[in-house]
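Going by numbering that gives the first Met the number 0, the sequence shown opens with residue 0, and the numbers climb by one from there.
Even glycine gets a Cβ: it sits at the ideal position worked out from N, Cα and C.
These notes concern the structure reproduced below.
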Amino acid sequence: MKSTKDYLAELRFNLSLRNLDVATIRDIVREVEAESSNYDEATASFGSPDEYADSFPKKATPKGHQTFMIIGVVLGILWPLLQLILRDRTAGSMSNWAVTWLPAFGFVALGIIIDFSRAIARSRKSR
């Protein structure tokens, strides 16, 4: 059986994904906490955490986030292109593959990790 804390954590995370400011998230969570004593009661009153979060208007993504994503996409595309154009054609094929594609995959993985950590940080700030 899930507790109210589980519901509030899920709700906090879903609200942070909608880019609501910290004070608004805190107020919403406090309201749910005041009116519910367990997970099932909160679900009956407000719906599932993601459904309840969807009832609030989504704010636009911060500008810095879009800039970060654009830089990541450009690096992820530009690196393999430059490596394919400038590569040493006499070297073995496996060494070319590693130099060409592994950094690009690293850029993608790094972008995913940073984006996820930002969402977690926003969720924690609303506590």
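Other residues of its chain near residue i: CB distance less than 7 Å, five sequence neighbours each side excluded
i: L16; result: A118
i: S122; result: R11, F12, S15
i: S44; result: E34, S35
i: P48; result: Y6, E9, L10, N13
Reduced DSSP category for residue i - H, G, I as helix; E, B as strand; rest coil
i: P56; result: coil
i: D5; result: helix
i: N18; result: coil
i: G105; result: helix
i: R11; result: helix
i: S116; result: helix
i: R185; result: Residue 185 is absent from the model: the chain starts at 0 and stops at 126.
i: S44; result: helix
Residue i burial status per 10 Å Cβ neighbour count (16 or more: buried)
i: S2; result: exposed
i: A41; result: buried
i: E30; result: exposed
i: I112; result: exposed
i: I69; result: exposed
Beta-carbon gap between residue i and residue j smaller than 8 Å
i: G75; j: A103; result: yes
i: L83; j: K58; result: no
Nearest candidate by alpha-carbon position, reference residue i, set the options
i: Y51; options: R11, A59, D114; result: R11
i: L81; options: W100, M68, G71; result: W100
i: G105; options: F55, G71, L83; result: G71
i: G110; options: Q65, R86, L85; result: Q65
Other residues of its chain near residue i: CB distance less than 6 Å, five sequence neighbours each side excluded
i: D5; result: Y38
Neighbour flag for residue i against chain D, beta carbons, 8 Å
i: G75; result: This model lacks chain D altogether, as it is built from one protein chain only.
Beta-carbon proximity list for residue i, same chain, < 8 Å, skipping 5 on both sides
i: E32; result: T3, L7
i: T60; result: N18
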